[in-house]
Amino acid sequence: MGRSGVNAVLNLASLRSLIENYPPDDTNLDFPFSTVSNLTEMLEQAYGPRGGRGLALRVGRACFNNGVRQYGAQMGLTEMAFRLLPLPMKLQTGAKAFAELFNTFTDQQVRIEEENGNLLWHIERCPLCWERRASDPVCHLAVGLLQEALGWLSGGRIFNVEEKTCIAAGDKTCTIVIDPSPIF
Ligand SMILES: [Zn+2]
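Counted from 1, the sequence shown has number 150 at position 129 by the working numbering; the numbering is strictly sequential.
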């Protein structure tokens, strides 16, 4: 998006105070869900639904690489004992650890479930679509973040990850379905 793109979206979202003044990288809970969902909505407004979706996926990947990944290492997900686990167990253990991370350090609530061989990432309280209404799932940032997390856990494999239900569309949870068999 470049700096001017970021500034334009912050302007659209009436968040001028954040221009060139990004929030600190810490674990304080002072960045509200309403701001997160407002920003994802403005991305779609500025770049269209398809463009906004593509950008949100990339933002999600960046969120993993520049933020969440360091916690994965802290949680032991880079240790030899973990690396030697078979892939399905690795994904299951990794997903549980990352869900726990969100549940502990943010107000986002995530529950993992297994169903028909798939891993279900249920976001029960979701910052991405907070107070939004939409006809289709809109939590693309979470999909990008999970795609990147799965690639990292598996040493670069690519998985089918899809948001099937969304609170913004009237569903009970934002549920992202992960097929644990890699495509590549
Ligand atoms: Zn959501």
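Note that CB positions come from ideal geometry on N, CA and C, so glycine has one too.
These figures come from a predicted structure and were not determined experimentally.
Give the C-beta separation of residue i and residue j to the nearest angstrom, bearing in mind that I take them to be a contact with Cβ-Cβ under 8 Å.
i	j	result
residue 140	residue 70	Not quite, the Cβ-Cβ distance comes to about 27 Å (not below 8 Å), so this is no contact.
residue 174	residue 111	6 Å
residue 164	residue 135	Rounded, the Cβ-Cβ distance is 19 Å, inconsistent with contact.
Quick one, which of the options has its alpha-carbon nearest residue i's?
i	options	result
residue 189	66, 72, 75, 158	158
residue 146	130, 170, 87, 137	130
residue 119	138, 133, 107	133
residue 186	194, 136, 180	194
residue 154	138, 67, 58, 107	58
residue 166	98, 39, 28, 87	87
residue 47	72, 41, 127	127
residue 137	23, 144, 199	199
residue 124	98, 191, 148, 26	148
residue 103	26, 176, 23	176
residue 74	61, 85, 38	61
I need the boundaries of the alpha helix (DSSP H) containing residue i, first residue and last residue.
i	result
residue 84	54-84
residue 113	108-126
residue 169	161-175
residue 101	101-104
Below 8 Å between beta carbons: does that hold for residue i and residue j?
i	j	result
residue 64	residue 76	yes
residue 52	residue 44	yes
residue 162	residue 80	yes
residue 142	residue 197	yes
residue 105	residue 67	no
residue 168	residue 82	yes
residue 36	residue 56	yes
residue 180	residue 144	no
residue 115	residue 170	yes
If you follow the beta strand (DSSP E) that residue i is part of, which residue opens it and which one closes it?
i	result
residue 48	Careful: residue 48 lies outside any beta strand (DSSP E) and carries neither H nor E.
residue 182	181-186
residue 131	130-136
residue 146	139-146
residue 198	195-200
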